[in-house]
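J.: Everything in the sequence shown is counted per the UniProt record's numbering, starting at 1 for the first residue and increasing by one. Cβ atoms here follow ideal geometry from the backbone N, Cα and C, with glycine treated the same way.
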Amino acid sequence: MNRTGHPIYLDYNASTPVPPRVRAAVLRALEEGFGNPSAGHPYGRRARDMVERARAQVAALLGAASDEIFFTSGGTEASNLALRGVLGSVPVGALVTTTIEHPATQETARLLEAAGVQVVRVAPGVDGSVGAEQVAKALSSVQARPAVVSVIIAQNETGVLQPVAEIVERVRGSGVLVHADAAQAVGKIPVDVKALGVDLLSVAGHKLYAPKGVGALYVRRGVALQPLLVGGGHERGVRAGTENVSGVVGLGEACGMALECLDEEVPRLRGLRDSLEQRLGEAGFVVHGGGAARLPNTLNGRFPGVRGGALAARLADELAFTTGSACHAGREEASAVLLAMGIDAEDALGAIRLSLGRGTTEEEVTRAGNLLLNAAAALRAA
C-alpha cells in the first residue's frame, strides 16, 4: 500500500487520475460554461470561447493548427471516425493495419472488411515492433483506393513504440492516408503530427489525466471525412452533437499540463521503470518487448512459471496492475498481442503490465518490486 493506505497504483496505461488543476478547470466550465456553444448570446459565447481555448491547447501539444482538431467522446470514437470517415462510404477501398492494434482499430477493421473494404494485417517481430518495409509491402499488395494505413504509436500492453514516421515515408502516395492511434502515446512522450507526417491521429483524454468521455481527432487540412454522427453540424460538420464543454476544457487543460511537464517526466519515469525492471530481473523476470523502444513508463513481462492472474489476485489489496490475459466464458485467454509476438500461450498467461505515472514515487516502486518478488516466490513454492 502507499502512504494513504490505498493499493499502489501502477495501471496508468488503463486510466489516469484527474489532477487538481484539471478538476478546477472542469468545475469552472460547469459553473461558467453552461450555455450552448452554438448560441449567439453571451452565455453561448462564453462556452464557445472555452471550447476554442481547449482546442488551441490540444493543438499546441500535437504541433497542429487549431482548425485541425475535432473533439470526440474518446479515443475509440476518434479512431472509428478516422477509419470509417474515409473508408465507410466508398465503393472500394483498402486498409493496411497491424495485428497489435487496440480493439478500437481492430474491430473497426472487421466492420469495414465485412462491408467490402480490403484489409491487410501486418504482424510484428518478436520484439513487438512492426517494420516499415513490411507495411509498405502490404500496401503494395492492394490496388484499391482510397487506402488508409493505420498504426498504433505506442502499443497499449507492451509500450513498444512503432516507427510511424518511417512508415509514413515509405507509404506516402496518391490516395493513401496514414492514421496513427496515439491514445497511449500523447502525454507520455512528445507527439508532433508534423514530424510524424500523419494525416489523422486519435487522442484519448483519460489516458493523459483528463476526464473520461472526451477525446480528439487530428485531421490534416485537406483531408475530408464522412461524419459518423449527423445532426446540427457541430465541429464544423465532422461530428454532430453539442460539445461536452466541461470534458473538452478538462482535455485542454490536461494537454497544457503535459506540454509543461513532459521534458521532466519522461526521464523521471524511465528511471523508475528501469529500476523496477532491474529489481524484478533478479528473480528471472522476462520483459516482453524489451529489445525495442518503449514508452518510458511501461513494463510488461512475466515471472516464468507464475500466472499473471494469480499474482494479481494475491496482491489485489496492495498493488493495482493488469495482466496479459482476459477472462472469457470462465476461462483465461492469453493476450492476442503477445501471441502475435510469438510468445507461447502458456508464457503469455504469465504476463503482467506495470505502468507508472505522475503520481508514482521511488518509494512506491521499491515497495511494488518487493511485493511482486515475494508474491512470485510464494506462488512458485506453493
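#1: Can you confirm whether the region 236-244 touches the region 253-268 when touching is taken to mean that 3 or more C-beta pairs between the two stretches lie within less than 8 Å?
#2: With C-beta atoms as the reference, is residue 323 less than 7 Å away from residue 313?
#3: Okay, do the region 349-365 and the region 273-284 touch, 3+ Cβ pairs below 8 Å being the bar?
#4: Using alpha carbons as the reference points, say which of 115, 104, 158, 141 lies closest to residue 150.
#5: Identify every run of the beta strand (DSSP E) within the region 71-100, keeping only runs that are complete inside it and at least 3 residues long; order them along the chain.
#6: Are the CB atoms of residue 210 and residue 250 within a distance shorter than 7 Å?
#7: Could you name the residues that DSSP lists as bridge partners for residue 121?
#8: Using 8 Å for Cβ pairs, my map puts residue 217 next to residue 81. What's the rounded Cβ distance?
#9: Going by C-alpha distance, which of 244, 106, 195 is nearest residue 64?
#10: For the alpha helix (DSSP H) that contains residue 108, what are its first and last residues?
#11: At the 7 Å Cβ level, is residue 214 part of the contact set with chain D, yes or no?
#12: When you compare the region 139-150 with the region 89-103, are there three or more beta-carbon pairs, one atom per stretch, that lie closer than 8 Å?
#13: Alpha carbon to alpha carbon, how far is residue 37 from residue 246?
#14: For a minimum of 3 consecutive residues, which ranges assigned as the beta strand (DSSP E) are wholly contained in the region 161-215?
#15: Tell me the rounded alpha-carbon separation between residue 130 and residue 62.
#16: Would you mind reading off the limits of the alpha helix (DSSP H) that contains residue 256?
#17: So what does residue 322 bridge to, in DSSP terms?
#18: Specify whether the region 171-186 and the region 151-162 touch according to this definition: at least 3 beta carbon pairs, one from each stretch, less than 8 Å apart.
#19: Would you call residue 126 buried or exposed, if buried means 16 or more other Cβ atoms sit within 10 Å of its Cβ?
T.: Put simply:
#1: Touching, no, given that fewer than three Cβ pairs across the two stretches are closer than 8 Å.
#2: Taking the sequence shown and counting its residues from 1, one reaches residue 323 at position 323. Taking the sequence shown and counting its residues from 1, one reaches residue 313 at position 313. No, they are not a contact pair.
#3: When Cβ pairs closer than 8 Å are counted between the two stretches, the region 349-365 is seen to touch the region 273-284, the count reaching three or more.
#4: Within the sequence shown, residue 150 is the residue found at index 150, counting from 1. Of 115, 104, 158, 141, the residue nearest in Cα terms is 104.
#5: 94-98
#6: Here the question's residue 250 lines up with position 250 in the sequence shown. Here the question's residue 210 lines up with position 210 in the sequence shown. It is a contact, given that the beta carbons lie within the stated cut-off.
#7: Numbered from its first residue, the sequence shown carries residue 121 at position 121. DSSP, once it has assigned bridges, lists 97 as partnering residue 121.
#8: For the purposes of this step, residue 217 is taken as the residue at position 217 of the sequence shown. For the purposes of this step, residue 81 is taken as the residue at position 81 of the sequence shown. So it is a contact: roughly 6 Å between Cβ atoms.
#9: Mapped onto the sequence shown, residue 64 falls at position 64. Among 244, 106, 195, the Cα nearest to that of residue 64 belongs to 195.
#10: Within the sequence shown, the letter at position 108 stands for residue 108. 103-114 is the span of the alpha helix (DSSP H), which, as asked, contains residue 108.
#11: Absent from the structure: chain D. Only one protein chain is present.
#12: yes
#13: Numbered from 1 along the sequence shown, position 37 holds the residue referred to as residue 37. Numbered from 1 along the sequence shown, position 246 holds the residue referred to as residue 246. If I take the Cα positions, the gap works out to 12 Å.
#14: 176-181, 200-204
#15: The residue given as residue 130 occupies position 130 in the sequence shown. The residue given as residue 62 occupies position 62 in the sequence shown. Between residue 130 and residue 62, the C-alpha separation is close to 23 Å.
#16: Looking up residue 256 in the sequence shown gives position 256. Start and end: 245-281.
#17: Numbered from its first residue, the sequence shown carries residue 322 at position 322. Beta-bridge pairing links residue 322 to 353.
#18: yes
#19: Position 126 of the sequence shown, counted from the start, is the residue given in the question as residue 126. Residue 126 is exposed by the Cβ-count criterion.
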